[in-house]
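**Q** Shown below is the structure under consideration.
There are 2 protein chains.
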Amino acid sequence: MNNWFKFVCFTLLAIFNAKINAQDKIIVGEKESVFSKILNENREIWIHLPKTYNDNSINPAKYPVIYLLDGEINFEYYAGMTDFLSKPPYADIPECIVVGIKNTERTRDLTPTKSQKKSPVNPNITLFSDSGGSENFTKFIQEELKPFIHKKYRAQDYSVLVGHSFGGLFAIHTFLTHPEAFNAYVANDPSLWWDNKVLISKTKDYLEKNKKFPAKKSLYVTQADNEEQQKNWDSDMTQAIDEFRTIVEKNGTLNYKHRFFEGEVHGTVSYPGNYEALKFVFKGFRTNIKEFAKNPGLLEEEYKRFSDTVGAEFIPSEPYLNVIIKFMKSNGFKESETYFMNVKNKLYPKTK
Amino acid sequence: MNNWFKFVCFTLLAIFNAKINAQDKIIVGEKESVFSKILNENREIWIHLPKTYNDNSINPAKYPVIYLLDGEINFEYYAGMTDFLSKPPYADIPECIVVGIKNTERTRDLTPTKSQKKSPVNPNITLFSDSGGSENFTKFIQEELKPFIHKKYRAQDYSVLVGHSFGGLFAIHTFLTHPEAFNAYVANDPSLWWDNKVLISKTKDYLEKNKKFPAKKSLYVTQADNEEQQKNWDSDMTQAIDEFRTIVEKNGTLNYKHRFFEGEVHGTVSYPGNYEALKFVFKGFRTNIKEFAKNPGLLEEEYKRFSDTVGAEFIPSEPYLNVIIKFMKSNGFKESETYFMNVKNKLYPKTK
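Quick look at the structure:
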């Protein structure tokens, strides 16, 4: 029994240690695995939940979802960025769930057509022989990944797709072929040079057929300072993005912005680009707490206006209402305090 | 015995679960606690180690250290950002250890003088009654935190101090009073209005006494688009930063940059500011792998030039040398491959 006792003590200690260790880590996400029948493989997905997601003092809320390509490269700063930008009282964006998608066969998944190329460095090597699978990959996201996310997490019916390079190409292809799939699309330095600029032709075709882009959708395109790149084989990168810009800017129905980033190269443009893109996509979301003291009705007006603009319902979050109520209380705005207590009771009737 | 057996099985399962759980998390840092005799309190410190820190396939290396104030607000995106910017082959910065310092008494620690103020909203409340402790806080960092970091982690003798608002005030105060403490200082929208612009006077005093700023030190100051702020009680924010800029720009010895961020407010400027600041501080660090094929000697030349500029020794990391060697090998640059194998053997003799 003595040995058993030692063993049990040891295991208890080990559990205790493991728990202590977990508490001592700064965790920005969790890994999930989704088996895709469409792609016939397991896909690793990294999930970031907002700070208030598991806060027991508030009612369970739903959150917009950002689908982030090249998860293994972008997830960590991106997750931190969404928390930083959604901090009350001056949140530029709502709190979001971030779904980072890790690559398996990047070229296969992110390119819209099969297009091979001899390596400019070694002509014996054929590049992109497995290209052309993006329609399948969109199908995976729409029919397998999104249902998984909505089943497992409290996801709002508002989503953003974010990609870079081939991922940007994929975002624009998805926008052209399935514009209803996401509310907003972000394409950082997209590889629109792909396959003799096949997406430029597709964009023209789209507009010929549909006359205009769907309303209430956003597209943000960043362009790197590719002076260095010009010397390389993909020098038509810049030219293709410019061409796309000219076509889209002529069509005013889309909430579109193109931004050139001076001093950023193809490999770095995503970091500032993703930040500016989120501020663009959620433009109008930010409200000014100080204005509500004398005009409390403004809060709901502004959320209604923003919801109309983006074509999806956004309501003030319970944590934000708590911050507003606290502000009114501590500054002696009695009437406004009562007003916002009523708003809170209306929006979150089962207040804990 | 049956119950004992069940219990043991259960605990084993729990350990197994805890381990599995830890593997399933995206972890960007670990929490440490340092007891400060100087401040007479425990301080929570968040540590981010670079991706290669525990890579057993390379020799243990040392890394520059970034001390980040307001750790609880900035740590997560900042940690991800340093990994993003230091990715080979086109790394803009070296891999870094990030040390996030969590606040206890923020005003006490970050303000250089005791200066009270009546609240503009409620005159019965006195603000900043515990201000004036920044000299003590610098002492804590220099005499307690840095030795702790150097004892526990492989820290290079190169460090950066990063702060925002009162933290920016603290960074500039530390630069003026202990310029030798850090190699580079980053001040995001610093509260130079503090105590009738006491740091403006201190800057003038410093230059009167020392004639010029120390060489090989960097200071990056960001300024938010504080139009909104102008309406508030700290409207002298902008004016004080402008005044500081004028004084410092007249003195050419400092590697100084001031940047105004259009559209960024006081609360958001740190995100783009910290990115631009790191690119400024490590300007010249980035090398172009393609140029080394025909001119392999360039690598060491460029590292020597960068080291001279910043006054600290930087050498090509082993992972970067591995990337270079692989590039030379796969593109058939035999001579350069041998050259870089020799560089690697020289710099990392105990190659595994």
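Chains A and B, in that order, are what the protein sequence lines are.
The opening residue of the first sequence carries number 10 in this note's numbering; numbering runs sequentially from there.
The opening residue of the second sequence carries number 10 in this note's numbering; numbering runs sequentially from there.
No residue lacks a Cβ here, since even glycine has one placed at the ideal position from N, Cα and C.
1. CB-CB under 8 Å to B:MET246, same chain, minus the five flanking residues each way: which ones, in chain order?
2. Which runs of the alpha helix (DSSP H), 4 residues or longer, sit entirely within the stretch 112-149 of chain A?
3. Just confirm the distance between the C-beta atoms of A:ALA180 and A:TYR194, as a whole number of angstroms; I'd bet it's less than 8 Å.
4. Give the residues of chain B in contact with A:VAL37, contact being defined as C-beta atoms less than 7 Å apart.
5. Using a threshold of 8 Å, state whether the C-beta atoms of A:PRO223 and A:LEU178 are closer than that.
6. Alpha carbon to alpha carbon, how far is B:GLU153 from B:SER45?
7. Per DSSP, A:ALA196 is paired with what?
8. Establish whether the CB of B:PRO129 and some CB of chain A are separated by less than 8 Å.
9. Is A:ALA70 a contact residue of the ligand SAM, with contact defined as CB to any heavy atom under 7 Å?
10. On the three-pair Cβ rule with 8 Å, is the stretch 37-56 of chain B touching the stretch 111-119 of chain B?
11. List the DSSP bridge partners of A:TYR265.
12. Less than 8 Å between CB atoms is the rule here; does B:ALA193 satisfy it with respect to chain A?
13. In the DSSP assignment, what are the bridge partners of A:ILE82?
14. Assign A:LEU77 to one of three DSSP states: helix, strand, or coil.
15. My output table needs one value for A:ASP317: the three-state DSSP class, helix, strand or coil.
16. Please name the residues in the stretch 40-60 of chain A whose beta-carbon is closer than 7 Å to at least one beta-carbon of chain B, in chain order.
17. Identify, in the order they occur along the chain, each residue of the same chain with its Cβ nearer than 6 Å to the Cβ of B:PHE19, setting aside the five sequence neighbours on each side.
18. Residues of the stretch 96-110 of chain A in Cβ contact with chain B at a cutoff of 7 Å, in chain order, please.
19. Report the partner residues of A:ASN51 according to the DSSP bridge assignment.
20. Give every residue of the same chain whose Cβ lies closer than 6 Å to the Cβ of B:PHE289, excluding the five residues on either side of it in the sequence, and list them in chain order.
21. Hey, how far is the Cα of B:SER345 from the Cα of B:LYS299?
22. Quick check: is the beta carbon of B:ASP92 nearer than 8 Å to any beta carbon in chain A?
23. Would you call the stretch 67-74 of chain A and the stretch 248-264 of chain A in contact, with 3 or more CB pairs under 8 Å?
24. Could you give the distance in angstroms between the alpha-carbon of B:ILE36 and the alpha-carbon of A:ASP214?
25. For A:PRO59 and B:MET350, I'd like the C-alpha separation in whole angstroms.
26. Give me the Cα-Cα distance between A:ASN219 and A:THR186, rounded to the nearest whole angstrom.
27. Over what stretch of residues does the beta strand (DSSP E) that includes A:GLY293 continue unbroken?
28. In the DSSP assignment, what are the bridge partners of B:VAL257?
29. Quick one: what's got a C-beta closer than 6 Å to A:ASP204's C-beta in the same chain, skipping five residues either side?
30. Assuming A:VAL352 is part of the beta strand (DSSP E), what are its boundary residues?
31. At least one CB of chain A closer than 8 Å to the CB of B:GLY89: is that the case?
32. Just verifying my parser: in three-state terms, what is the DSSP assignment at A:PHE191?
33. Anything in chain A within Cβ reach of B:VAL17, meaning under 9 Å, just list it in chain order.
34. If you count every other CB in all the chains shown that lies within 10 Å of the CB of B:GLU273, and 16 or more means buried, which is it?
35. What does A:TYR284 reach in chain B if we use C-beta pairs closer than 7 Å?
36. On a CA-only basis, which of B:VAL171, B:GLY176, B:VAL207 is nearest B:PHE191? Give me that one, please.
**A** So, from the listed chains and residues:
1. For B:MET246, where only same-chain residues beyond five positions count, the Cβ hits under 8 Å are ASP198, SER200, LEU201, TRP202, ASN235, GLN238, HIS275.
2. If we require 4 residues or more, the alpha helix (DSSP H) runs fully inside the stretch 112-149 of chain A come out as 115-119, 143-149.
3. Between A:TYR194 and A:ALA180 the Cβ distance is about 5 Å, and since that is below 8 Å, they are a contact.
4. Those within 7 Å of A:VAL37 in chain B are ILE35, VAL37, GLU85.
5. Not in contact: A:PRO223 and A:LEU178 (Cβ atoms no closer than 8 Å).
6. Rounded to the nearest angstrom, the two C-alpha atoms are 7 Å apart.
7. Partner(s): A:GLY172, A:VAL230.
8. Interface flag for B:PRO129 against chain A is unset, since no Cβ pair is found closer than 8 Å.
9. As for the ligand SAM, it is missing from this structure, which has no ligand bound.
10. Enough Cβ pairs lie closer than 8 Å, so yes.
11. Beta-bridge partners assigned by DSSP to A:TYR265: A:LEU228.
12. So no, B:ALA193 is outside the interface.
13. Looking at the DSSP output, A:ILE82 bridges to nothing.
14. Three-state DSSP puts A:LEU77 in a strand.
15. Helix.
16. Here the close residues are LYS40, TRP55.
17. So the list is empty, once near-sequence residues are dropped.
18. TYR99, ASP101: these are the residues of the stretch 96-110 of chain A whose beta carbon lies less than 7 Å from some beta carbon of chain B, given in chain order.
19. DSSP lists A:PHE44 as the bridge partner or partners of A:ASN51.
20. TYR229, LYS266.
21. B:SER345 and B:LYS299 have their C-alpha atoms spaced approximately 11 Å apart.
22. Chain A, which has a Cβ nearer than 8 Å to the Cβ of B:ASP92, makes this yes.
23. As far as the Cβ criterion goes, the stretch 67-74 of chain A does not touch the stretch 248-264 of chain A, which means the pair count is below three.
24. Between B:ILE36 and A:ASP214, the alpha-carbon positions lie close to 45 Å from each other.
25. If you take the alpha carbons of A:PRO59 and B:MET350, they lie about 46 Å apart.
26. Rounded to the nearest whole angstrom, the C-alpha separation of A:ASN219 and A:THR186 is 12 Å.
27. Here A:GLY293 belongs to no beta strand (DSSP E), and DSSP marks it neither H nor E.
28. Within the DSSP secondary-structure output, B:VAL257 pairs in no beta bridge.
29. Apart from the 5 residues on each side of it in sequence, A:ASP204 sits with its Cβ closer than 6 Å to the Cβ of THR122, SER124 in its chain, given in chain order.
30. It is not in any beta strand (DSSP E) - A:VAL352 instead sits in the alpha helix (DSSP H) that spans 343-356.
31. At least one chain A Cβ lies under 8 Å of B:GLY89.
32. Coil, per DSSP.
33. Under the 9 Å cutoff, chain A gives TRP13, PHE16, VAL17, THR20.
34. When all chains shown are included, B:GLU273 counts as buried.
35. In chain order: TYR280, PRO281.
36. Considering only B:VAL171, B:GLY176, B:VAL207, the residue with the shortest C-alpha distance to B:PHE191 is B:VAL171.
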